[in-house]
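Here the structure comes first, spelled out in structure tokens, and everything after it is commentary.
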Amino acid sequence: MLDLYYLPGSSPCRAVQMVAAALNVPLNLKFLNLMAGEHRKPEYVQLNPQRSIPTLVDGDRTRLFFDACVLYPRFTDLYHPVVFGGATPEPKKVAAFEGALAVLDTFLGQSAFVAGSRMTIADISLFATLATACALRFQLNPFANVHRWYGAMLEHCPGAALNVAGAKDFCSYK
């Protein structure tokens, strides 16, 4: 069984859990409390020198999270200071996040899902991030295609309830 080092409020961690659910791959969940600094402990740093989550361990092989997308970095730039530092959202960062959603809205205007007519891992990953934004009261309504897609993901994505619950968890982190 694969070990997944995770935090329920983490969008990338929930994306891994949803993909595993979609593929019927059981996971041994290993809660990693970032707020308590568990990601800096020597045994975890040895496992993952990036000190990031999610980390998936399959026997002696470790898979790390490398985010190359546009949406998630803009999400963290906007919301991490708000959630973890009590900051007020900066208009420039809100605009950057909304700009990323506008691009996504354009893609979703051409098909039901991000990469075509069927749900893929790309949809699941984006769904994890947007569920957290929605839990933080971000409104998807101005982005009609994203809003439609989000509703479809809530209805059809394996692990959707886990995703929404984890997104709500994120709001309680300090």
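Each residue of the sequence shown is one higher than the last, beginning at 1 in the UniProt record's numbering. All C-beta atoms in this analysis are idealised placements derived from N, C-alpha and C, irrespective of residue type, glycine included. Only a predicted model underlies this, so the values are computations on that prediction, with no experimental measurement involved.
Starting from residue i, follow the alpha helix (DSSP H) in both directions and report where the run begins and ends.
i, result
"K168", "A160 to F170"
"D77", "L71 to G85"
"K92", "P91 to L108"
"N145", "A144 to H156"
"V114", "Looking at the DSSP string, V114 is not in any alpha helix (DSSP H), and its letter there is neither H nor E."
"E43", "P42 to L47"
"A36", "Looking at the DSSP string, A36 is not in any alpha helix (DSSP H), and its letter there is neither H nor E."
"Q139", "Where Q139 is concerned, there is no enclosing alpha helix (DSSP H), given that its DSSP letter is neither H nor E."
With distances taken Cα to Cα, identify the nearest neighbour of residue i among the options.
i, options, result
"K168", "L32, M18 and L136", "L136"
"L162", "M1, L2 and P8", "P8"
"T55", "S10, H147, F75 and F170", "S10"
"G109", "Y79, Y72 and F143", "F143"
Take residue i and list the residues in its own chain whose beta-carbon comes closer than 8 Å to its own, dropping the five residues that flank it on each side.
i, result
"F66", "Here F66 scores only 48 on pLDDT, less than 50, and its place in the model should not be relied on; the value that follows carries that caveat. Answer for F66: no residue qualifies."
"A68", "Residue placement at A68 cannot be trusted, given a pLDDT of 47 that sits under 50; the coordinates are not used to answer."
"L154", "A160 and V164"
Could you please give the first and the last residue of the uninterrupted beta strand (DSSP E) stretch that includes residue i?
i, result
"D3", "L2 to Y6"
"D123", "Where D123 is concerned, there is no enclosing beta strand (DSSP E), although the alpha helix (DSSP H) it sits in stretches over I121 to A135."
Skipping 5 residues on each side, what residues in its chain have a beta carbon closer than 6 Å to that of residue i?
i, result
"A22", "P158"
"Y44", "none"
"N141", "H147"
Report the CB separation of residue i from residue j in whole angstroms; it is logged as a contact under 8 Å.
i, j, result
"Y173", "V82", "Their Cβ separation, rounded to whole angstroms, is 11 Å, which puts Y173 and V82 out of contact at 8 Å."
"L47", "L27", "Contact flag wrong, Cβ pair sits at about 16 Å."
"M97", "R74", "Sequence inspection shows Phe at residue 97; the Met mentioned does not correspond to that position. Correct: roughly 5 Å between the Cβ atoms."
"A115", "A122", "5 Å"
What are the partner residues of residue i, as DSSP defines its beta bridges?
i, result
"L29", "L4"
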